[in-house]
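K.L.:
Numbering (the numbering used here), first residue to last: 84 to 580.
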């Protein structure tokens, strides 16, 4: 999401950057391109007019035009106003000491029932005892869907088979929660294909009789301005406390996310970033504005890594790297860890300065390539993974047959692994920001020359070796090679016996 908006805004800024000196006329031309990018992203017209009025007033000021880099100042202004447009946001669920009731509403197809499951999981992670309530008695299989989600998440689901009155179901569910020491009730109410009076009346009755502490509307980001109109209509009927926007990982243009708060006054509290039940994130305007402008979102990347990585395994890998040890076995485990972060283009988009690499990966099967590399490594013996230099032509043919690839692909992996091992050992002594900077530099190199292979870094010894020292090192290498060959022969002899 936001790709078209990001590209439009960056195109406008690149146009300004190409000018020798910025005048008021140049700046107005650039601002018109910014306005066009927002409209093409399906941002509401009143929102665009308001946003552009504030940006224009600041951008045309003498203080900006006379700075050394006015385009950078403009980026700062747009970033600041995007944050103001989407925020401030209070992502707290305001859970009370007793039973807290959260009412979920929305149109059919918005992902409301799945979001109930995601929210239940989030609440359980915070140490509370949630219960999901199947109060959607209109849509076929809605009750069964919620029960399935409850089983997957190990969260109780309250349902009354054959019930006709959703208000009574909700009231009985709250009483059941109190009797069973469950402290958060999530009501999955009925939806419709479109807003109608019957739906609103039913939701208003639940609101009056049950008196939920928080009412959230689930909207589909893919529906564009329809999501904004839905939010406005639901808010007039129910006084919403927040919006949860789903399918933010899709190809929607992003206008709804920028328009909802301004049009309705209701903030976006959470966003669904994927189909999995752990893909519900708190909405952060500052980080979202950074993503739109290609500044990345390191905070989200770090948080995701902390949640999904095996921290003990990461600690073991770090200790091995500090000792100068990095084998294909370590690389295989690393591929598995990176795969937990999600699609590679999504991960690159979170690293500042590497958003452009997502364009390079549009036609590439990055996930498939990681699986292919994993297959090649899995086809090796433990000894080959620890010491890939022993892989000769015969072993290469065997590995390629096992992995279903050509022999030259095995050879390419072994060669590039040698380079990668050197890079990983260099990065082992860096802090987190140092590693991000190294990744950025590597990414920029690949963006300039996508077909380039990694160059093996030269590691200086700090002094020139004398002829005698070179001869001594050569003898040690030859001695080590003879020792390994001897061990190999002995091993084969033992296997035959």
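For every residue, glycine included, the Cβ atom is placed at its ideal position computed from N, Cα and C.
1. Please determine if the segment 155-170 and the segment 246-259 are in contact, where contact requires at least 3 C-beta pairs separated by less than 8 Å.
2. Between the Cα of residue 469 and those of 413, 462 and 417, spot the shortest distance and give me the residue it belongs to.
3. In the structure shown, what three-state DSSP assignment does residue 294 receive?
4. Mind checking residue 465: buried by the 16 CB within 10 Å criterion, or exposed?
5. Here's the rule: buried if 16 or more other CB atoms are within 10 angstroms of the residue's CB, otherwise exposed. What is residue 118?
6. Measure the C-alpha to C-alpha separation of residue 364 and residue 485 and round it to an integer number of angstroms.
7. Check the DSSP bridge columns for residue 409 and list the partner residues they point to.
8. Using only the alpha-carbon positions, how far apart do residue 317 and residue 114 sit?
9. My parser needs the alpha helix (DSSP H) runs of 4 or more residues fully inside the segment 94-174; what are they?
10. Taking the continuous beta strand (DSSP E) assigned at residue 184, which residues delimit it?
11. In the structure shown, what three-state DSSP assignment does residue 440 receive?
12. Are at least three pairs of beta-carbons, each pair with one atom in the segment 352-366 and one in the segment 117-133, less than 8 Å apart?
13. Going by the DSSP bridge assignment, what does residue 272 pair with across the sheet?
14. Starting from residue 328, follow its DSSP beta bridges and name the residues at the other end.
15. Measuring only the C-alpha atoms, how far is residue 221 from residue 180?
16. Do residue 494 and residue 479 have their C-beta atoms closer together than 8 Å?
17. Can you grab the Cα-Cα spacing for the pair residue 451 / residue 142, in whole Å?
18. Any idea which residues DSSP pairs residue 365 with across the strands?
19. Apart from the five residues just before and just after residue 341, which ones in its own chain have a Cβ nearer than 7 Å to its Cβ?
20. Check for me: the alpha helix (DSSP H) holding residue 559 runs from which residue to which?
21. Looking at the strands, I want to know which residues DSSP matches up with residue 240.
P.N.:
A quick look at the data gives this:
1. Between the segment 155-170 and the segment 246-259, the count of Cβ pairs shorter than 8 Å is below three; the stretches do not touch.
2. Minimum Cα distance to residue 469 is reached at 413.
3. In the three-state DSSP reduction, residue 294 falls in the coil class, being neither helix nor strand.
4. Answer is exposed; the Cβ neighbour count stays below 16.
5. Buried: at least 16 other Cβ atoms inside 10 Å.
6. Annotation: residue 364 to residue 485 spans about 41 Å, alpha carbon to alpha carbon.
7. Residue 409 is not bridged to any residue.
8. Here the alpha carbons of residue 114 and residue 317 stand approximately 34 Å from one another.
9. Counting whole runs of 4 or more residues, the segment 94-174 contains the alpha helix (DSSP H) stretches 107-123, 128-142, 145-148 and 153-169.
10. Annotation: the continuous beta strand (DSSP E) that includes residue 184 extends over 183-188.
11. Confidence in residue 440 is poor, its pLDDT being 46 and thus under 50, which makes the residue's placement unreliable; the coordinate value appears in the next sentence. DSSP places residue 440 in the helix class (H, G or I) of the three-state scheme.
12. Output reads no: the segment 117-133 does not touch the segment 352-366.
13. Answer is 218.
14. Answer by DSSP bridge pairing, in chain order: 302 and 354.
15. Rounded to the nearest angstrom, the two C-alpha atoms are 33 Å apart.
16. For residue 494 and residue 479, yes; Cβs fall inside 8 Å.
17. C-alpha separation (whole angstroms): 45 Å.
18. Assignment of beta-bridge partners to residue 365 by DSSP yields 353.
19. The answer, listed in chain order, is 126, 130, 168 and 169.
20. In the DSSP annotation of this structure, the continuous segment of the alpha helix (DSSP H) that includes residue 559 starts and ends at 550-579.
21. In the DSSP output, where bridge partners are listed per residue, residue 240 has 215.
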